[in-house]
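Residue numbers (the UniProt record's numbering): 1 to 252.
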């Protein structure tokens, strides 16, 4: 190879190297920006969920501590009237029924926002109570296999309760299942929450591509908020299984 050819070859190598570096840097920049966007999106979602939970807790407290006693006081005041007219007595009874209905509905809304039992007795008791409450409005048979207690703080308990709540709601609304099993146990410093139903199932990848599945995104976001990992196994007409691995408090 003579001098001109050597110079040309060297120049081609240098140009190729420079182009390669530029391409690598360009790809790296794109990947880095995508990661930043993904991280920012996750932070926004987590911030929204945190704000939503705070607002739920505030509204639940207002309903329980203010509106509840106020309605009870109104009912007591109405019943203190001494009436002789039978029509008036009938109207008072109807009014009492309306007030009782409002109090019941208010308690249901307050419970759905934030079960008081969750903060008083913990996650396990709150789940049992919610399942008992669900039995009154749905034919779905829910089987629970839970320990007596779990070693997670209130922050994780709230999100775990919301995860279970979301799965139950989704199962009732979409799956056409007759049975849902919810299991929880500790393993290797992890809390394992798993559920399975005998419903119609769904194509998880197809739903992910279409951008639908707000409930699924909520489950994933809540799992990430408490440092956990979520697994989904589902297929059309083969039911759905969820599994969540959540670090216990001792690892925090």
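We put the beta carbon where it would ideally sit given N, CA and C, even for glycine.
Rounded to the nearest angstrom, the gap between the Cα atoms of residue 201 and residue 216 is 13 Å. The three-state reading of DSSP puts residue 241 in strand, counting E and B together. C-alpha of residue 184 to C-alpha of residue 47: approximately 27 Å in a straight line. Distance between residue 8 and residue 35, taken at the CA atoms: about 40 Å. In the DSSP assignment, residue 135 falls within the unbroken alpha helix (DSSP H) covering 123 to 135.
DSSP, read as helix, strand or coil, puts residue 146 in coil.
Of the other Cβ atoms in all chains shown, 16 or more fall within 10 Å of the Cβ of residue 222; this residue is therefore buried. Within 10 angstroms of the beta-carbon of residue 58 lie fewer than 16 other beta-carbons, which makes it exposed.
By the Cβ-count criterion, residue 62 is exposed, with fewer than 16 other Cβ atoms from all chains shown falling within 10 Å of its own Cβ. By the Cβ criterion, the stretch 100 to 113 is not in contact with the stretch 145 to 163, since fewer than three pairs of Cβ atoms, one from each stretch, lie closer than 8 Å.
In the same chain as residue 126, and ignoring 5 residues on each side of it, the C-beta atoms closer than 6 Å to its own belong to 115, 117, 118, 161, in chain order. Rounded to the nearest whole angstrom, the C-alpha separation of residue 91 and residue 99 is 12 Å. Assignment of beta-bridge partners to residue 185 by DSSP yields 192. Secondary structure of residue 63 (DSSP, three-state): helix. Per DSSP, the beta-bridge partners of residue 197 are 180, 240. Residue state for residue 246 is assigned as strand, using DSSP reduced to three classes. Between residue 66 and residue 239, the alpha-carbon positions lie close to 43 Å from each other. Residue pairing by DSSP places residue 233 opposite 241 in a beta bridge.
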